[in-house]
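Some notes on the structure that comes next.
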Amino acid sequence: MKIRPYLYSLLFLLLAVVLSIAIGSVFIPPADLGRILIGWLNKATFSEPLKTFAFILTDIRLPRTALVLLTGAALGGSGAAYQGLFRNPLADPYLIGVASGAGLGAVLAMSIKWPYSFWGLMAVPAAAFIGALLTVFLVYALARVGKTIPTTNLILAGVAFGSFATALTTYLMLRSTGELHRAIAWLSGGSSQAGWEPVLAILPFLAIGLGILLLSGHALNLLQFGDDQAQQMGLPVTLVRTLILLAASLATAAAVSFSGIIGFIGLIVPHVMRLWFGADYRRLLPLSLIGGAGALLLADVLARSVMAPQELPVGIVTALVGAPFFLWVLRRAKNQGYW
Amino acid sequence: MLKIERLSVSYGTRRVLQDVSLEINSGEVVALIGPNGAGKSTLVRAVSGVIPVVSGKIHCNDINRPLINLIALSPIQRARSLAVVPQAVSLPPAFTVWETVLMGRTPHLNFLGQVSAKDEEIARLALQKVDALDLTDRRVGELSGGEQQRVLLARALAQSTPILLLDEPTTNLDLHYQVSFMETVSTLAHQDNLAVLVALHDLNLAARYADRVALLVDGKIKAIGAPWHVLTPELISMAYHLPVQVIPHPFADAPLVLPGKM
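Protein chains in written order, with our numbering: chain A, 643 to 981; chain B, -14 to 247.
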């Protein structure tokens, strides 16, 4: 196994984590970060300003960083999986409409007054999951021509359905009062929730979804040859395809439920990883997870600091960087006859 | 040995194969010929299990094992008995030749696809057999059509199956690659005692490299036997709706089919 790609991407992630913890409305110098960390290990008590810093860390920065990290991993991983499933380097949870479908499901669930309980908290991701799945099947059915899914069809169907779902979502939000107004910022990718609660809530979904994806590398490799050849090499294609689709949609839905609709991470990260470290999905999936986490953390740091003290929704940052990148990939792919 | 009995296949309501019976012995190359739309590819796909059969039986056995009913097997079990060489079109370009050939080991691996030293040895041997060891580290997308076709043959050999199906493997190759590819297939079948069914468009390649030829027309087997018995003016004219002449090959013991009237 090649170690170097993992080493590089983990270093990148570490850097992003440190930046995300250090930078915000109050800057915490890396030296103080180190002191606090050592203090925690020794169970020491802090004096000012470390006391305030420690409070900011535990109550604001760390949970935020953890949530963004998990969201980025989910987007990177599911992006890589969708690209593999559709045999299409432009598939991305946002571009194929799955994120918007999940968002619609989430907002529908939010518009109902759930009792404040564990199941109330779970209703939103569950509805997002259903929304994501319905979208995948719909877009897949719309885009399919015989046994192939032409790229243009996939993106057109995805973008069209995505716009439709977003419009419906916006309508629902504007019509309602109170609770859902908050969701407007959420929908363009600003995590409106704070604290450790969303982090704990997202974990089980991601553990299942990303866990399955991490085991699917070999199967995705085989699927790159087309369903017929994959089956002739011994893969139970229908079963495996369904499983990967469910897992990727679960990860996307979880990301959307707690962090809103964030585009292009699932497109850029697997693409760059493929360019640098090759097309083997056994490597590409874990690398996309790590890279997605790092990339979204950096985008989140930007979102927090560009207009400080005001925050930009992180989805705006990823779109500003991601859309030009998408166009570049599109041109490059066309020139090289990439698919 | 591969034994197909009264196999019928439909696409929707259209019957594409009707009562096809065919037996391929170990160490034998059988060429499947017939006009476009006769059902050659359908037969390969049905036998390899990617489309369902309406009725009929497909059995296989080799020296070590008793007769197995292929239709009842799961994809992974079937892939241990039978490997397919598809046409080398739209292959994923970014995999290396080595990665591609190792994927042939799938039916012998776990779900994660972890390979052992033995698997790597088998893959290396497969590349050697098709004379493509020098391509090992190249990316598939950089290769010529002829080289890609060899890589796919190596991938099928790496599956270590007693049966090999080839679906028009020479269609996109130039003359040199057509001939050398079929030479390799024929040598492998006889040396390694494989049962080989190869769908071919080129009648003269079939005549030259197949031990027996099966003529498929409108989903039915019209004739089967030695090249001289099947590649006759009457049968070929009837199948292709075209007058043909058949003359002896100038230096090989094979018929040579020429379109047109004398």
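No residue lacks a Cβ here, since even glycine has one placed at the ideal position from N, Cα and C.
Keep in mind it's a predicted model, so treat the numbers as computed, not measured.
Does the beta carbon of A:Ala785 come closer than 8 Å to any beta carbon on chain B?
One-based indexing of the first sequence puts residue 785 of chain A at position 143. By this cut-off, A:Ala785 is not an interface position.
From the DSSP output, read off the bridge partner residues of B:Leu149.
Translated into positions along the second sequence, residue 149 of chain B becomes position 164. Answer is B:Ala68 and B:Val181.
Just checking, does the segment 716 to 723 of chain A make contact with the segment 902 to 920 of chain A on the three C-beta pairs under 8 Å criterion?
In the pairwise beta carbon analysis, the segment 716 to 723 of chain A is classified as touching the segment 902 to 920 of chain A: at least three pairs are separated by under 8 Å.
Could you check whether the Cβ of B:Val(-6) sits closer than 8 Å to any Cβ belonging to chain A?
Residue mapping note: residue -6 of chain B aligns to position 9 of the second sequence, counting from 1. Using beta-carbon distances, B:Val(-6) does not count as an interface residue toward chain A, since no partner is under 8 Å.
Going by DSSP in three states, A:Ser651 sits in which element: helix, strand or coil?
Within the first sequence, the letter at position 9 stands for residue 651 of chain A. Of the three classes helix, strand and coil, the one that applies to A:Ser651 here is helix, per DSSP.
Taking its Cβ as the centre, do 16 or more other Cβ atoms sit within 10 Å of A:Leu962, making it buried, or is it exposed?
As a first step, residue 962 of chain A is located in the first sequence; it is residue number 320 there, counting from the start. Around the beta carbon of A:Leu962, fewer than 16 other beta carbons lie within 10 angstroms, which makes this residue exposed.
Compute the Euclidean distance between the alpha carbons of B:Val74 and B:Leu201, then round it to the nearest angstrom.
The residue you call residue 74 of chain B lines up with position 89 of the second sequence. The residue you call residue 201 of chain B lines up with position 216 of the second sequence. Roughly 24 Å between the two C-alpha positions.
B:Leu2 vs B:Ala31 beta-carbon contact at 8 Å
By 1-based counting over the second sequence, the position of residue 2 of chain B is 17. By 1-based counting over the second sequence, the position of residue 31 of chain B is 46. Less than 8 Å separates the beta-carbon of B:Leu2 from that of B:Ala31.
Given B:Ala195 as reference, the closest of B:Ile206, B:Lys205 and B:His175 once Cα atoms are compared:
Along the second sequence, one-based indexing puts residue 195 of chain B at 210. When the alpha-carbon of B:Ala195 is set against those of B:Ile206, B:Lys205 and B:His175, the nearest one is in B:His175.
Name, please, each residue of chain B whose Cβ falls closer than 8 Å to the Cβ of A:Thr878.
Position 236 of the first sequence, counted from the first residue, corresponds to residue 878 of chain A. Checking the sequence shown, residue 878 of chain A turns out to be Pro, not Thr. Close partners of A:Pro878 in chain B (Cβ separation under 8 Å): Ser59, Pro60 and Ile61.
Going by DSSP in three states, A:Pro878 sits in which element: helix, strand or coil?
For the purposes of this step, residue 878 of chain A is taken as residue 236 along the first sequence, with counting starting at 1. Residue state for A:Pro878 is assigned as coil, using DSSP reduced to three classes.
Within 10 Å of its beta-carbon, does A:Arg656 have 16 or more other beta-carbons around it, so buried, or fewer, so exposed?
Walking along the first sequence from the start, residue 656 of chain A turns up at place 14. Residue identity check: residue 656 of chain A is Leu in the sequence provided, not Arg. Burial call: exposed.
For B:Glu106, which three-state DSSP category applies?
What you label residue 106 of chain B is simply residue 121 of the second sequence in a count that begins at 1. Helix, per DSSP.
Does any residue of chain A have a CB that is nearer than 8 Å to the CB of B:Leu2?
Along the second sequence, read from residue 1 onward, the residue named residue 2 of chain B stands at position 17. So no, B:Leu2 is outside the interface.
Mark B:Pro240 as exposed unless 16 or more other C-beta atoms lie within 10 angstroms of its C-beta, in which case mark it buried.
As a first step, residue 240 of chain B is located in the second sequence; it is residue number 255 there, counting from the start. B:Pro240 counts as buried, since at least 16 other C-beta atoms from the protein chains shown sit within 10 angstroms of its C-beta.
Which residues does DSSP list as the beta-bridge partners of B:Gln230?
As a working note, residue 230 of chain B is residue 245 in the second sequence. Under DSSP, B:Gln230 takes part in a beta bridge, and its partners are B:Leu243.
Please report whether the beta-carbon of A:Arg916 lies at a distance below 8 Å from any beta-carbon of chain B.
For the purposes of this step, residue 916 of chain A is taken as the residue at position 274 of the first sequence. Yes, contact with chain B.
Below 8 Å, can you find three or more Cβ-Cβ pairs linking the segment 871 to 880 of chain A to the segment 924 to 942 of chain A?
With fewer than three CB-CB distances shorter than 8 Å, the segment 871 to 880 of chain A does not count as touching the segment 924 to 942 of chain A.
What residue from B:Val82, B:Gly89 and B:Gln99 has the CA that sits closest to B:Arg124's CA?
Counted from its first residue, the second sequence places residue 124 of chain B at position 139. Comparing Cα-Cα distances from B:Arg124 to each of B:Val82, B:Gly89 and B:Gln99, the minimum goes to B:Val82.
Any C-beta of chain B sitting closer than 8 Å to the C-beta of A:Phe695?
Counted from its first residue, the first sequence places residue 695 of chain A at position 53. No, its Cβ sits nowhere closer than 8 Å to a Cβ of chain B.
Give me the Cβ distance between A:Ala770 and A:Ala895, rounded to the nearest whole Å; I'm assuming they're in contact under 8 Å.
Numbered from its first residue, the first sequence carries residue 770 of chain A at position 128. Numbered from its first residue, the first sequence carries residue 895 of chain A at position 253. Rounded, the Cβ-Cβ distance is 4 Å, consistent with contact.
Is the segment 953 to 962 of chain A touching the segment 886 to 895 of chain A in the sense that three or more CB pairs, one from each, lie closer than 8 Å?
Too few Cβ pairs lie closer than 8 Å, so no.
For B:Val229 and B:Pro244, which I take to be in contact (beta-carbon distance under 8 Å), what is that distance rounded to the nearest angstrom?
The residue given as residue 229 of chain B occupies position 244 in the second sequence. The residue given as residue 244 of chain B occupies position 259 in the second sequence. By a beta-carbon distance limit of 8 Å, B:Val229 contacts B:Pro244. Their separation comes to about 5 Å.
As a quick exercise: from B:Arg140, B:Ala139 and B:Gly131, pick the residue whose alpha carbon is nearest that of B:Leu158.
Against the second sequence, residue 158 of chain B aligns to sequence position 173. The residue from B:Arg140, B:Ala139 and B:Gly131 with its alpha-carbon nearest to that of B:Leu158 is B:Gly131.
Which residue comes first and which comes last in the beta strand (DSSP E) that contains B:Gln3?
Along the second sequence, one-based indexing puts residue 3 of chain B at 18. B:Gln3 -> beta strand (DSSP E) spans Arg(-1) to Ile9.
Can you confirm whether the segment 916 to 923 of chain A touches the segment 735 to 750 of chain A when touching is taken to mean that 3 or more C-beta pairs between the two stretches lie within less than 8 Å?
No, the segment 735 to 750 of chain A is not in contact with the segment 916 to 923 of chain A.
Does A:Asn863 have its Cβ less than 8 Å from a Cβ in chain E?
Of the chains in the structure shown, none is chain E; the protein chains are A and B.
Which residue marks the beginning of the alpha helix (DSSP H) containing B:Tyr225, and which one marks its end?
The residue you call residue 225 of chain B lines up with position 240 of the second sequence. If you look at B:Tyr225, you'll find it in the alpha helix (DSSP H) that goes Pro218 to Tyr225.
Euclidean distance between Cα positions of B:Thr169 and B:Asp238
Within the second sequence, numbered from 1, the residue matching residue 169 of chain B stands at position 184. Within the second sequence, numbered from 1, the residue matching residue 238 of chain B stands at position 253. Roughly 18 Å between the two C-alpha positions.
Just verifying my parser: in three-state terms, what is the DSSP assignment at A:Leu662?
For this step, residue 662 of chain A is matched to residue 20 along the first sequence. Looking at the sequence provided, one finds Ser at residue 662 of chain A rather than Leu. If DSSP states are grouped into helix, strand and coil, A:Ser662 belongs with the helices.
According to DSSP, is B:Ser40 part of a helix, a strand, or is it coil?
Working through the second sequence from its first residue, we reach residue 40 of chain B at position 55. Strand, per DSSP.
Nearest to A:Leu692 by alpha carbon, out of A:Gly800, A:Pro672 and A:Ala889?
Numbered from 1 along the first sequence, position 50 holds the residue referred to as residue 692 of chain A. Nearest of A:Gly800, A:Pro672 and A:Ala889 to A:Leu692, Cα basis: A:Pro672.
When the cut-off is 8 Å and only beta carbons count, does A:Ala921 lie next to chain B?
Your numbering for residue 921 of chain A matches position 279 in the first sequence. Yes - at least one Cβ of chain B is within 8 Å of the one on A:Ala921.
Quick one: is B:Glu84 near chain A, going by C-beta distance under 8 Å?
On the second sequence, position 99 is the one that residue 84 of chain B refers to. Output row for B:Glu84: interface = yes.
By the 10 Å Cβ neighbour count, where 16 or more other Cβ atoms means buried, how is B:Glu127 classified, buried or exposed?
Locating residue 127 of chain B in the second sequence gives position 142, where the first residue counts as 1. The residue is exposed, with fewer than 16 neighbouring Cβ atoms inside 10 Å.
Can you tell me the Cα-Cα spacing of B:Gln62 and B:Gln72, whole angstroms?
As a first step, residue 62 of chain B must be located in the second sequence, where it is residue number 77. As a first step, residue 72 of chain B must be located in the second sequence, where it is residue number 87. Roughly 23 Å separates the two Cα atoms.
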